[in-house]
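Protein chains in written order, with this note's numbering: chain H, 1 to 198; chain R, 1 to 198.
Just so it is clear, CB atoms sit at the ideal spot from N, CA and C, and this is done for glycine as well.
Protein chains: 2
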Amino acid sequence: MQHDKDAPLRSDAQRNRERILEVALAELTLCPDAPLSAIARKAGVGQGTFYRNFPNREALVLEIYRHEMRQVADSAAQLLEQLPPDRALRAWMDRLAEFGMTKAGLADAIRLATSKGGLTKPAHTPVSDAAELLLRANDRVGSIRPGMTPDDLVLAIGGLWQMAPTDDWRPRAARLLDLVMDGLRAGAPGAGGPAVPS
Amino acid sequence: MQHDKDAPLRSDAQRNRERILEVALAELTLCPDAPLSAIARKAGVGQGTFYRNFPNREALVLEIYRHEMRQVADSAAQLLEQLPPDRALRAWMDRLAEFGMTKAGLADAIRLATSKGGLTKPAHTPVSDAAELLLRANDRVGSIRPGMTPDDLVLAIGGLWQMAPTDDWRPRAARLLDLVMDGLRAGAPGAGGPAVPS
DNA sequence: ACCTGAACACCGTTCAAGT
DNA sequence: ACCTGAACACCGTTCAAGT
């Protein structure tokens, strides 16, 4: 019989799961295609135990990704309390870039793992919730064009994920985000018409 | 002795190489992680012949990528003859999106293959040449902000490569490119000052 | 109920033998 | 000079046997 879905794990199983996640985060950040067997070994569990917790590489990687991303996403609310909406939006994107660069290996691991099967549409992630929060706050003060969706914003900063962290990524990211912010401000109710009057 | 670098291939070897590329393009477009052994088999060559031509998966994928991308990149000059610079730029980005969606499998194959080793900085690709051409044409008529680099443009449209082709990608791509164009126009000499006057 | 680790399947890569 | 295909190494996944 399989495990009851809502029942708590036995304490040793719980510990095993946490150790796997801990080791996997470190290993995958260093090397996106670290062997799962190596992760299991370093976590001190057998192959079978690993697969009981995570049926495949994608399941492991997505769990780590969601956990890490949630931390950044959650900072959006905090930024909105400290800064005007447009500056909060920009500051949040800066944090996303910073996060992406330190976790570049993890981002590669995600792409490696998720390109295999079907494309997992994340739909309602913490990130899109955060984006929604920031966009609506800006809408309220008229600092950006109306009608922007979280999807729009995520696509607009998509270039961040194809930068290598080794380079002089900071000025490049800054130039990208400056461009995005200018695009967002174009057509804002508070800015007096479109950037190119007709 | 290895092969002389500039000497032409023997005709049968030449044919083999072309058949491998032909089969690989079709297979990788369908399935980004198609086994190299399957590609060799369908191309009618032995494993060794395959590896003589392409020492690893990355070498194969990059060659295909460059070949396919060159076609799109080369259309930039043609567009500039038919349209004003800003419309040519936008039309080129549309083509890039169209191309990316039909070749989504290939794009995944590239990520799969290149995330393994070091990050291969393509540096001077046909795409960055085309971007340079389009940006400078726009600079000359003052339709976009000055100083944009090909790298800036490539990053700005980076979101295209993280869209799934299954969806209603067309309106999403259009919204992204509209935003990018507005960002580019903000601060253009011909548009009368920045989008947000201080 | 959970764990271990050997066993199996599969794919990338090499290489001895052929033409 | 180029080709073939068997052989090897490695990693993901399963499963019989243990606690």
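Using a beta-carbon distance below 7 Å, is A162 (chain R) in contact with chain H? Start at 1 with the first residue of the second sequence, and residue 162 (chain R) comes out as number 162. Here residue 162 (chain R) is Gln; the residue named in the question, Ala, does not match the sequence. With its beta carbon less than 7 Å from one in chain H, Q162 (chain R) belongs to the interface.
Which residue comes first and which comes last in the alpha helix (DSSP H) that contains S86 (chain R)? The count along the second sequence starts at 1 and reaches residue 86 (chain R) at position 86. Reading off the sequence, residue 86 (chain R) comes out as Asp, not Ser. Residue range P85 to T102 is occupied by the alpha helix (DSSP H) that includes D86 (chain R).
Measure from the alpha carbon of L177 (chain R) to the alpha carbon of each residue in R:D129, R:E18 and R:D86, then state which is nearest. On the second sequence, position 177 is the one that residue 177 (chain R) refers to. Nearest in C-alpha terms to L177 (chain R), of all of R:D129, R:E18 and R:D86, is R:D86.
Where does P189 (chain H) land, buried or exposed, given buried means 16+ other C-beta within 10 angstroms? Start at 1 with the first residue of the first sequence, and residue 189 (chain H) comes out as number 189. Under this definition P189 (chain H) is an exposed residue.
If we count Cβ pairs, one from each stretch, closer than 8 Å, do we get three or more for the stretch 4-20 of chain H versus the stretch 46-64 of chain H? Between the stretch 4-20 of chain H and the stretch 46-64 of chain H there are three or more inter-stretch CB-CB distances shorter than 8 Å, so the stretches are counted as touching.
CB-CB length for P32 (chain R) against S115 (chain H), believed under 8 Å: Mapped onto the second sequence, residue 32 (chain R) falls at position 32. Mapped onto the first sequence, residue 115 (chain H) falls at position 115. For P32 (chain R) against S115 (chain H), the beta-carbon gap comes to about 6 Å, under 8 Å, which counts as contact.
Run through chain H and tell me which residues come within less than 7 Å of P35 (chain R), C-beta to C-beta. As a position in the second sequence, residue 35 (chain R) is number 35, starting the count at 1. Listed along chain H is no residue with a C-beta nearer than 7 Å to that of P35 (chain R); the closest approach is about 13 Å.
Give a yes or no on contact between the stretch 89-103 of chain H and the stretch 156-171 of chain H, applying the rule of three or more CB pairs nearer than 8 Å. With the cut-off at 8 Å, the stretch 89-103 of chain H and the stretch 156-171 of chain H touch.
With burial defined as no fewer than 16 other Cβ atoms inside 10 Å of the residue's Cβ, what is the status of V141 (chain H): buried or exposed? Within the first sequence, the letter at position 141 stands for residue 141 (chain H). Exposed.
CB contact check: R140 (chain H) to chain R, cutoff 7 Å: Numbered from its first residue, the first sequence carries residue 140 (chain H) at position 140. No - not a single Cβ of chain R is within 7 Å of the one on R140 (chain H).
C-alpha distance - G118 (chain H) paired with L62 (chain H), whole-angstrom precision: Start at 1 with the first residue of the first sequence, and residue 118 (chain H) comes out as number 118. Start at 1 with the first residue of the first sequence, and residue 62 (chain H) comes out as number 62. Note that G118 (chain H) has pLDDT 49, beneath the 50 cutoff, so the model's placement of it is unreliable and no number is given.
What separation, rounded to the nearest whole angstrom, lies between the Cα atoms of L79 (chain H) and L89 (chain H)? For the purposes of this step, residue 79 (chain H) is taken as residue 79 along the first sequence, with counting starting at 1. For the purposes of this step, residue 89 (chain H) is taken as residue 89 along the first sequence, with counting starting at 1. Just so you know, the alpha carbons of L79 (chain H) and L89 (chain H) end up roughly 8 Å apart.
Reduced DSSP category for H124 (chain H) - H, G, I as helix; E, B as strand; rest coil: Residue numbering aside, residue 124 (chain H) sits at position 124 when the first sequence is read from its first letter. H124 (chain H) sits in coil when the DSSP states are folded into three classes, being neither helix nor strand.
What is the C-beta distance between A76 (chain H) and L134 (chain H), in whole angstroms, given that I count them as a contact (C-beta under 8 Å)? Within the first sequence, residue 76 (chain H) is the residue found at index 76, counting from 1. Within the first sequence, residue 134 (chain H) is the residue found at index 134, counting from 1. The pair is a contact, with the Cβ atoms about 5 Å apart (cut-off 8 Å).
Taking 7 Å as the threshold (C-beta atoms), are R175 (chain H) and A202 (chain H) in contact? Since the first and last residues shown for chain H are 1 and 198, residue 202 (chain H) lies out of range.
Supposed contact pair L60 (chain H) and A156 (chain R) - C-beta distance, whole angstroms, cut 8 Å: Here residue 156 (chain R) is taken as the residue at index 156 of the second sequence, counted from 1. Here residue 60 (chain H) is taken as the residue at index 60 of the first sequence, counted from 1. Between L60 (chain H) and A156 (chain R) the Cβ distance is about 33 Å, and since that is not below 8 Å, they are no contact.
Taking R172 (chain R) as the query, report the chain H residues whose CB atoms sit under 7 Å from its CB, ordered along the chain. By one-based count along the second sequence, residue 172 (chain R) stands at place 172. Within chain H, the residues D151 and L155 have their CB atoms less than 7 Å from the CB of R172 (chain R), given in chain order.
Quick one: is P84 (chain H) buried, meaning 16 or more other Cβ sit within 10 Å of its Cβ, or exposed? What you label residue 84 (chain H) is simply residue 84 of the first sequence in a count that begins at 1. Only exposed fits P84 (chain H), as fewer than 16 other CB atoms lie within 10 angstroms of its CB.
Are the C-beta atoms of L28 (chain R) and some chain H residue less than 7 Å apart? Taking the first residue of the second sequence as position 1, residue 28 (chain R) is located at position 28. Chain H contact via Cβ: absent.
R175 (chain H) versus chain R: which residues are under 7 Å apart at the beta carbon? Start at 1 with the first residue of the first sequence, and residue 175 (chain H) comes out as number 175. For R175 (chain H), the chain R residues whose C-beta falls within less than 7 Å of its own C-beta are D152, listed in chain order.
Just to confirm my understanding: we take T125 (chain H), look at its own chain, exclude 5 residues before and 5 after, and list those with CB closer than 8 Å. What are they? Within the first sequence, numbered from 1, the residue matching residue 125 (chain H) stands at position 125. Cβ neighbours of T125 (chain H) beyond the five flanking positions: R66, M69 and A73.
I want to verify the contact list: residues of chain R whose CB lies under 9 Å from the CB of A73 (chain H), in sequence order. Walking along the first sequence from the start, residue 73 (chain H) turns up at place 73. Near A73 (chain H) there are no residues of chain R at all, since even the closest Cβ is about 17 Å away, more than 9 Å.
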